[in-house]
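Peer 1: Take the position in the sequence shown, starting the count at 1, then add 18; the result is the number in the numbering used here.
I'd like to ask some things about the structure below.
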Amino acid sequence: MWRPSPARLLPANPALYDGPAISFWVAVAWLVAITVRSCIHLLAPDGGAQSIATIDVTGVAGGSNIVAIFGQWGAIQLLLALLLWVLLLRWRGTVPLVLLVFTLEPVLRGLAGHLKPVTTMGTAPGAEINWLVLPVMAFFFYLSLCPVRR
């Protein structure tokens with residue numbers, strides 16, 4: 019029986035992770051995707067605003083500001099991704115904490131999108147998968163709080 023322990027969120031020994039290995043590997047895979055997404059926002063000429071998120075940046079006033087904000091957002095995302103890489107690779111016991119961040123991110127982005135809607139010409143990939151990611155990350159977060167019995 020899987021019994022989660024909330025104490026595993028901030029473990030006494032963060033170097034040790036004795037939860038299911040699949041939770042660790044899901045966190046690594048999602049962090050790869052987040053790192054790539056961050057680099058695209060930072061490095062793409064339009065920050066991915068028009069080419070990916072389908073936001074009109076050429077036919078509107080302030081389009082260059084939208085591109086600049088996407089680039090800055092990418093820089094901040096990349097810093098967060100690097101910090102999460104350090105946590106995952108150096109202190110594997112923080113897998114539940116990292117998965118909690120991954121669970122909360124789509125909720126907070128969804129809230130931000132609801133409070134401050136963005137007009138797009140299509141549906142951005144992030145908007146399409148936002149609510150699919152939430153239950154998956156929530157499941158693996160829950161799983162990561164359960165010690166594996168050996």
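We put the beta carbon where it would ideally sit given N, CA and C, even for glycine.
Note that the structure is predicted; figures quoted are calculated from it, not measured.
Taking contact to mean 3 or more Cβ pairs, one atom from each stretch, closer than 8 Å, check whether the stretch 107-123 and the stretch 25-34 are in contact.
Peer 2: yes
Peer 1: For GLY140, collect the residues of the same chain with a Cβ closer than 6 Å to its Cβ; drop the 5 residues on either side in sequence, then sort them by chain order.
Peer 2: Scanning its chain for C-beta atoms nearer than 6 Å, with the 5 sequence neighbours on each side dropped, one finds around GLY140 the residues THR72, in chain order.
Peer 1: Quick one, which of SER41, PRO32, TRP20, ASN31 has its alpha-carbon nearest ALA156's?
Peer 2: SER41
Peer 1: Would you call the stretch 89-97 and the stretch 127-147 touching, i.e. three or more CB-CB distances under 8 Å?
Peer 2: Counting Cβ pairs under 8 Å, fewer than three are found: no touch.
Peer 1: Considering only the alpha carbon of each residue, which of ALA30, VAL119, TRP103 lies closest to VAL151?
Peer 2: VAL119
Peer 1: Rounded to a whole number of angstroms, what is the C-alpha to C-alpha distance between ILE58 and VAL50?
Peer 2: 12 Å
Peer 1: Mind checking whether the beta-carbon of PRO24 lies closer than 7 Å to any heavy atom of the ligand ATP?
Peer 2: Judged by which ligands are present, the structure shown has none, so any question about the ligand ATP falls away.
Peer 1: Look up PRO32 in the DSSP assignment and say whether it is helix, strand or coil.
Peer 2: coil
Peer 1: Suppose you measure from the CA of LEU105 to the CA of GLY128; what does that come to, to the nearest Å?
Peer 2: 25 Å
Peer 1: Can you give me the C-alpha to C-alpha distance between TRP103 and TRP109, rounded to a whole angstrom?
Peer 2: Rounded to the nearest whole angstrom, the C-alpha separation of TRP103 and TRP109 is 10 Å.
Peer 1: Within a Cβ cutoff of 8 Å, which residues of the same chain sit near GLY37, ignoring the five residues on either side of it in sequence?
Peer 2: ARG26, VAL113, PRO114, LEU161, SER162, LEU163, CYS164, PRO165, VAL166
Peer 1: Within 10 angstroms of its Cβ, does PRO135 collect 16 or more other Cβ (buried), or is it exposed?
Peer 2: Counting Cβ neighbours within 10 Å, PRO135 comes out exposed, since fewer than 16 surround it.
Peer 1: Check whether the Cβ atoms of TYR68 and VAL75 sit closer than 8 Å, and answer yes or no.
Peer 2: Note on identity: in this sequence residue 68 is Gln, with Tyr being the wrong assignment. Contact flag set, yes.
Peer 1: Just to confirm before moving on: does the CB-CB distance between ILE52 and ALA99 stay below 8 Å?
Peer 2: yes
Peer 1: Please report the straight-line C-alpha distance between PRO153 and PRO124, rounded to a whole angstrom.
Peer 2: 10 Å
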